[in-house]
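Protein chains in written order, with our numbering: chain A, 3 to 117; chain B, 608 to 719.
Beneath this line is the structure, given in structure tokens, with notes to follow.
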Amino acid sequence: NAGVMQNPRHLVRRRGQEARLRCSPMKGHSHVYWYRQLPEEGLKFMVYLQKENIIDESGMPKERFSAEFPKEGPSILRIQQVVRGDSAAYFCASSPLAEVDYGYTFGSGTRLTVV
Amino acid sequence: AQTVTQSQPEMSVQEAETVTLSCTYDTSESDYYLFWYKQPPSRQMILVIRQEAYKQQNATENRFSVNFQKAAKSFSLKISDSQLGDAAMYFCAKTGANNLFFGTGTRLTVIP
């Protein structure tokens with residue numbers, strides 16, 4: 003079991019470009035969560051998805067950010083027209099059930115740097 | 608609003624000694640779960656220990672144990688016989704509706 007796979011591990015984008023972050027959940031996990039970690043801070047929830055559905059996007063900025071989890075393939079977090087404030091580590095987590103009671107399995111994160 | 612507070616940005620401990628990391632939280636729920644995660648320099652988030660709020664017994668995982676005080680909304684982590692590999696950021700977290708609320712973390716240094 004390869005665990006939760008995120009790529010790329012590091013991503014550098016110029017201001018105004020698009021960033022696409024990918025997350026492949028653990029085998030058998032159909033629930034995916036995205037979190038953002040700003041420097042020297044804890045993780046902040048962004049969005050919760052199941053296959054082909056966004057369940058909770060209450061933590062997602064209203065503009066420029068979008069997420070999907072298609073029937074086939076990884077979950078994608080997309081940031082359009084990146085700005086310096088988007089620089090952060092973005093973590094994906096997955097779980098086999100809807101409940102978060104057992105915690106998640108996290109990926110190693112993607113560090114986005116906007117220059 | 609649900610908040611998780613870690614009031615110790617940094618802590619240090621001598622190798623083989625014991626250290627306690629503090630965490631408090633705010634909630635109106637009676638049933639929830641609490642976690643401690645470890646984040647080493649590799650950035651991987653590793654689940655250390657989990658506590659169910661309806662259980663009075665404190666969770667224990669080898670050298671890691673918690674002191675859960677539900678009325679005080681306190682959830683501290685005790686690391687016994689500290690090892691060099693314990694050096695990391697430690698985050699306290701609490702379940703929300705569909706997500707976890709995290710504290711800002713405590714950086715633990717282990718002194719040889």
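Cβ coordinates follow ideal geometry from the N, Cα and C atoms, glycine included.
The structure presented is a predicted model; accordingly, all values stated were derived computationally and were not measured.
Neighbours of serine 110 (chain A) in chain B, taken as residues whose beta carbon is under 8 Å from its own, are Ser649, Arg650 and Gln651 in chain order.
As computed with DSSP, serine 97 (chain A) is found in a beta bridge with A:His33. For glycine 75 (chain A), the nearest beta carbon of chain B is not closer than 8 Å to its own beta carbon.
Under the 8 Å Cβ criterion, the stretch 77 to 95 of chain A counts as touching the stretch 16 to 24 of chain A, having at least three qualifying pairs. Contact fails between the stretch 58 to 74 of chain A and the stretch 618 to 635 of chain B, because fewer than three Cβ pairs, one in each stretch, are under 8 Å apart. Around the Cβ of lysine 662 (chain B), a 10 Å sphere holds fewer than 16 other Cβ atoms; the residue is exposed.
For serine 68 (chain A), the enclosing beta strand (DSSP E) stretches over residues 67 to 70.
If you ignore the 5 residues before and after leucine 13 (chain A), its C-beta comes within less than 8 Å of the C-beta of Ala21, Leu23, Thr112, Arg113, Leu114 and Thr115, all in its own chain and listed in chain order. Within the stretch 614 to 643 of chain B, contact with chain A at the beta-carbon level (separation under 7 Å) is assigned to Tyr640 and Phe642. Chain B has a Cβ within less than 8 Å of the Cβ of valine 102 (chain A). Here the alpha carbons of phenylalanine 675 (chain B) and valine 49 (chain A) stand approximately 29 Å from one another.
As DSSP reads the structure, arginine 80 (chain A) sits in a beta bridge with A:Arg22 and A:Ser68. Looking from the CA of arginine 38 (chain A), the closest CA among B:Asp638, B:Glu617, B:Leu715 and B:Asn706 belongs to B:Asn706.
Scanning its chain for C-beta atoms nearer than 7 Å, with the 5 sequence neighbours on each side dropped, one finds around leucine 691 (chain B) the residues Glu622, Val717 and Pro719, in chain order. Residue environment: serine 637 (chain B) is assigned as exposed (fewer than 16 neighbouring CB atoms within 10 Å of its CB, all protein chains considered). One alpha carbon belongs to asparagine 669 (chain B), the other to isoleucine 653 (chain B), and they sit about 15 Å apart. Rounded to whole angstroms, the separation of the alpha carbons of leucine 628 (chain B) and serine 97 (chain A) is 27 Å. Alanine 90 (chain A) sits away from tyrosine 106 (chain A), with the two beta carbons spaced by 8 Å or more. Closer than 9 Å at the C-beta level to chain B, one finds these residues of the stretch 54 to 67 of chain A: Ile57, Asp58, Ser60 and Gly61.
Interface annotation, glycine 105 (chain A): in contact with chain B, CB-CB separation under 8 Å.
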